[in-house]
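S.K.:
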Amino acid sequence: MLRQYELVDLVKSYDPDVDEDALNRAYVFAMKKHGAQLRASGDPYYSHPVEVAGILTKFKLDCASIVAGLLHDTVEDTDTTLEEIKGLFGEQVAQIVDGVTKLAMIEQKSANKKQAENFRKLLLAMSEDIRVLLIKLADRLHNMRTLHFCAPEKRARIAKETLDIYAPLAERIGMQEVKSELEEIAFAELHKEAHDSIVARLNFLREQGNSLVPKIIAQLQKDMQENGIKATITGREKTPYSIWRKMQQKNASFEQLCDIMAFRICVDDVTTCYQALGVVHSKYHMVPRRFKDYISTPKPNGYKSIHTGVIGPENTRIEIQIRTYEMHEVAEKGVAAHWAYKQGERVVGKNFKWIRELLEILEQASNPEEFLENTKLEMYNDQVFCFTPKGDLIGLPINSTPVDFAYAVHSSVGDTCVGAKINGEIRPLRTILQNGDQVDILTSKAQHPSPEWDRFVVTGKAKAAIRRYVRAHKREQFIAMGKQTLERLFKGENLEFSEKALVNVLPNFEAESIDDIYAKVGEGLVSGWDVLKAIYPAYKQSKLEKVVNSLKPVFKKTLHKTKKEDMQINGLIPGMAVHFSGCCHPLPGDRIVGIVTTGKGVAIHTIDCKQLEKYTNEPERWLDVSWGNKANEEGVYTGRLKVMLANEPGALGEFSNVVARYEGNIANLNIVNRTISYFEILVDVEVKNLKHLTDIITALRASKVVSYVSRANQ
Ligand code: MN
1061 MLRQYELVDL VKSYDPDVDE DALNRAYVFA MKKHGAQLRA SGDPYYSHPV
1111 EVAGILTKFK LDCASIVAGL LHDTVEDTDT TLEEIKGLFG EQVAQIVDGV
1161 TKLAMIEQKS ANKKQAENFR KLLLAMSEDI RVLLIKLADR LHNMRTLHFC
1211 APEKRARIAK ETLDIYAPLA ERIGMQEVKS ELEEIAFAEL HKEAHDSIVA
1261 RLNFLREQGN SLVPKIIAQL QKDMQENGIK ATITGREKTP YSIWRKMQQK
1311 NASFEQLCDI MAFRICVDDV TTCYQALGVV HSKYHMVPRR FKDYISTPKP
1361 NGYKSIHTGV IGPENTRIEI QIRTYEMHEV AEKGVAAHWA YKQGERVVGK
1411 NFKWIRELLE ILEQASNPEE FLENTKLEMY NDQVFCFTPK GDLIGLPINS
1461 TPVDFAYAVH SSVGDTCVGA KINGEIRPLR TILQNGDQVD ILTSKAQHPS
1511 PEWDRFVVTG KAKAAIRRYV RAHKREQFIA MGKQTLERLF KGENLEFSEK
1561 ALVNVLPNFE AESIDDIYAK VGEGLVSGWD VLKAIYPAYK QSKLEKVVNS
1611 LKPVFKKTLH KTKKEDMQIN GLIPGMAVHF SGCCHPLPGD RIVGIVTTGK
1661 GVAIHTIDCK QLEKYTNEPE RWLDVSWGNK ANEEGVYTGR LKVMLANEPG
1711 ALGEFSNVVA RYEGNIANLN IVNRTISYFE ILVDVEVKNL KHLTDIITAL
1761 RASKVVSYVS RANQ
């Protein structure tokens, strides 16, 4: 394990001005906090964060990262709080530690391979600061290096997760070395026999071949020079894991593989790539089906290169990649190596928006520290990833709600969703989902898509389904409404109303069916009066206007809902009675839900009302409701306060003065308890909304006679 002074020296070797004091304090802090905790290896636990910090020095990371590396497990595994870290090591370190802690909390539950990609994206999206991700990778690297100390069944799971998630992540941010080491350890764990046999074969070949790689490089270099091509040639043995993967992909044996050694020819421009290819193919035998031109047809991730397999110098089967320096930079480094980036070098990443953005920051930053501080990973910040109860990850656009989630799972789930549990708690359907949320959609066969949802859903799938339903449903409503209007109008005029008569006047209204006429009347495009006149052209009646007027309230009632409560709340079932529940006294500004009661219509509760627990198992009774726009302007609502008043003369008077000063009106007052020194009272106050009540509470708290006041929600 690294000693304290060794770690400080390592950081000082690339950053002479580093805050030594902070490093020392963090080292000691981690040691003390982890105390007697032990690793599976039997080492003291704090050796782990120290080694992680050591790995981070290899990336030449800044002081805040090293300190955060030392502290990365303290919040998760000890009694340390973020506040404590913030106080001792500053805001920035606290934020990084917080980020690493959050990453540790999300767990990949689904073994589904397809889910791995989403999970990687989730990790990227959650590590807003690139340093969070680097610490996570260093953490995983050290855990892999010490994997053999763990219990066997745990080992396989961790190794698999490393292959699925962390090695690709390391690759994604350009850390080839970390990626290879993670893969090799995981491979040795998961497929020990295959690993050992490949390593043995490689060793055998190495002994036989006597440093074949430099010989082949020299020969290829000579070939290029003779043809006037300026090129840089590198070569390497492939890693056991990449050889094994090739064997699997191509279903080939070790002997059949021609790319145990791979060589790379880098040249200045694309034309020269093809010239170099010509030289290689004219001099050496091509291995059939090994040629791939990713320059003319780049891979989806933007990768460009020519690949070919030949029987090369020394009569050995080799793989050769030919590319420009520019293509090489993008392929190898990605964006990374930026923290140790030397000025004057330049990575060109035309293909990736996020690479370009990172490069822009890089170019503007005068030193690596500044670069790191400014590097917020802007990856996938237009998406959120949420878990289903089974652990599958659903990717959604930012600002998505449980309704979007439900439709993403399946349209039948979307159509029938009545509520959602987010991380185990019932939340309104309009709640905006956050990365890593676990969403459990409650459904009911009686539910239909609500026009209200259209206001907050963001996915096209949800919008289309809701609008389709509403369109179909609206027509039904208009038809019923139009029919009712006509029947009443005719009855009021003592005229016979028959559908048969309507058939005769269809052309007058460009209608194809009776329902069309009803719909037009219901929607208000055609007046009932027009229809009546069309059927009875000779009919004249002075009372007519009066009758039409008398119908208006009926019309209005169905069209707009006239009840006071109806106007204030969105998402109700039209025509159903509604009342504010007496247990929690909801106010505009509270988050609310509706519960369909037996006999008394819909009861509105605040989302945190204890009474709701009774209905947990009856999702079909839940209605997703919200305050209407008018709720704040109109209406008087009752809020309930629990107050402790000093038992002294004038206390009650002073109390009601404060309430009155803030334009609240005391509607009811009950003394619940009375002692020598205080009264406990429950007061119903009429207010405009939650803010109004909160203002009154704040003012009461400032009053001398009030020793305690809070909202009484239960
Ligand atoms: Mn750790």
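For the sequence shown, the numbering used here assigns the number 1061 to the initial residue and increments by one for each residue that follows. Cβ coordinates follow ideal geometry from the N, Cα and C atoms, glycine included.
1. Tell whether a beta-carbon distance below 8 Å holds between P1509 and D1684.
2. Under 8 Å between C-beta atoms, does R1305 make it to chain C?
3. Does the contact criterion of 3 or more C-beta pairs under 8 Å hold for the region 1130 to 1148 versus the region 1265 to 1277?
4. Below 8 Å on the Cβ atoms is my guess for I1652 versus P1646; work out the distance and round it to an integer in Å.
5. Express the C-alpha separation of T1140 and P1109 in angstroms, rounding to a whole number.
6. Examine the ligand MN and report whether any of its heavy atoms sits within less than 7 Å of the Cβ of H1094.
7. Tell me the residue span of the beta strand (DSSP E) that contains Q1381.
8. Is D1199 near the ligand MN, in the sense that its beta carbon is under 7 Å from a heavy atom of that ligand?
9. Taking only runs of the beta strand (DSSP E) that begin and end inside the region 1708 to 1771, which ones reach a length of at least 3 residues, in chain order?
10. So does the region 1275 to 1290 actually touch the region 1322 to 1338, counting three or more Cβ pairs closer than 8 Å?
11. Are the beta-carbon atoms belonging to A1759 and Y1738 less than 8 Å from one another?
12. Please name the residue in E1386, N1564, V1370 and I1378 whose C-alpha comes closest to that of D1328.
13. Report whether the distance from the Cβ of D1650 to the nearest heavy atom of the ligand MN is below 7 Å.
14. Between which two residues does the alpha helix (DSSP H) carrying D1158 extend?
15. Tell me the residue span of the beta strand (DSSP E) that contains P1639.
16. To the nearest angstrom, how far is the alpha carbon of D1442 from that of Y1578?
17. Would you decide whether V1088 is buried or exposed? Buried here means 16 or more other CB atoms lie within 10 Å of its CB.
18. In three-state terms, what does DSSP make of E1485?
19. Tell me where the alpha helix (DSSP H) around R1324 begins and ends.
20. Using the beta-carbon count (16 or more within 10 Å), is R1681 buried or exposed?
21. Report yes if the C-beta distance between A1322 and K1298 is below 8 Å; otherwise report no.
22. Between P1679, K1306 and L1280, which lies nearest to T1503 when the distance is taken from Cα to Cα?
23. Taking 8 Å as the threshold (C-beta atoms), are V1732 and I1741 in contact?
24. Can you tell me whether DSSP reads P1462 as helix, strand or coil?
25. Between D1133 and the ligand GTP, is the CB less than 7 Å from at least one heavy atom?
26. For M1775, name the three-state secondary structure that DSSP assigns.
27. Does the beta-carbon distance from V1777 to V1581 come in below 8 Å?
28. Is it right to say T1294 is buried, meaning 16 or more other beta carbons lie within 10 angstroms of its own, or is it exposed?
29. Looking at V1463 and G1474, is the spacing between their C-beta atoms short of 8 Å?
30. Excluding the five sequence neighbours on either side, which residues of its own chain have a C-beta within less than 8 Å of the C-beta of E1062, listed in chain order?
31. Could you check what DSSP says for S1302 in three-state terms: helix, strand or coil?
32. Just confirm the distance between the C-beta atoms of I1082 and V1135, as a whole number of angstroms; I'd bet it's less than 8 Å.
33. State yes or no: is the C-beta of I1756 within less than 8 Å of the C-beta of R1771?
34. Can you pull the DSSP bridge partners for E1297?
35. With DSSP collapsed to three states, give me the class of R1700.
36. Write down the C-beta distance between Y1106 and L1098 rounded to the nearest angstrom, noting that I regard them as a contact closer than 8 Å.
M.R.: This is what the structure gives:
1. No.
2. Of the chains in the structure shown, none is chain C; there is only one protein chain.
3. Segments in contact, no.
4. For I1652 against P1646, the beta-carbon gap comes to about 5 Å, under 8 Å, which counts as contact.
5. So the two alpha carbons sit approximately 15 Å from each other.
6. No, the Cβ of H1094 stays beyond 7 Å of every heavy atom of the ligand MN.
7. Going by DSSP, Q1381 is part of the beta strand (DSSP E) stretching over R1377 to T1384.
8. Answer for D1199: yes, Cβ within range of the ligand MN.
9. Listed in chain order, the beta strand (DSSP E) runs fully inside the region 1708 to 1771 are 1725 to 1734, 1738 to 1747 and 1766 to 1771, counting runs of at least 3 residues.
10. With a cut-off of 8 Å, the region 1322 to 1338 and the region 1275 to 1290 count as touching, because enough Cβ pairs lie within range.
11. It is not a contact, given that the beta carbons lie outside the stated cut-off.
12. In this structure, E1386 is the residue among E1386, N1564, V1370 and I1378 with its C-alpha nearest to the C-alpha of D1328.
13. D1650 Cβ: outside cutoff for every heavy atom of the ligand MN.
14. From DSSP, the alpha helix (DSSP H) with D1158 extends over E1151 to M1165.
15. One detail in the question is off: residue 1639 reads as His in this sequence, not Pro. Segment V1638 to F1640, the beta strand (DSSP E) holding H1639.
16. For D1442 and Y1578, the gap between their C-alpha atoms comes out near 46 Å.
17. Exposed is the call here.
18. Reduced to three states, the DSSP call for E1485 is strand.
19. First-last for R1324: M1321 to V1327, but that is the beta strand (DSSP E), not the alpha helix (DSSP H).
20. The residue is buried, with at least 16 neighbouring Cβ atoms inside 10 Å.
21. Yes, Cβ-Cβ distance for A1322 and K1298 is below 8 Å.
22. The option with the nearest alpha carbon to T1503 is P1679.
23. Cβ distance < 8 Å, so I1741 and V1732 count as in contact.
24. In the structure shown, P1462 sits in a helix (DSSP, three-state: H, G or I).
25. As far as ligands go, the structure on display features the ligand MN and does not contain the ligand GTP.
26. The question about residue 1775 has no answer, for the chain in this structure spans 1061 to 1774.
27. Since the displayed the chain opens at 1061 and closes at 1774, residue 1777 lies outside it and no answer follows.
28. It is exposed - the Cβ of T1294 has fewer than 16 other Cβ atoms within 10 Å.
29. Against a cut-off of 8 Å, the Cβ pair of V1463 and G1474 comes out as a contact.
30. In the sequence as presented, Glu is not what sits at residue 1062; that position holds Leu. Sequence-distant partners of L1062 (beyond 5 residues in either direction) whose C-beta falls short of 8 Å from its own C-beta, in its chain, are L1070, V1110, E1111, A1113 and G1114.
31. Looking at S1302 - three-state DSSP - the assignment turns out to be helix.
32. The sequence given here places Ala at residue 1082; Ile does not occur at that position. No, A1082 and V1135 are not in contact; Cβ-Cβ is about 18 Å, not under 8 Å.
33. No, these two residues do not count as a Cβ contact at 8 Å.
34. Per DSSP, the beta bridge partners of E1297 are M1321.
35. Three-state DSSP puts R1700 in a strand.
36. Between Y1106 and L1098 a beta carbon distance of about 10 Å is seen, past the 8 Å cut, so the two are scored as non-contacting.
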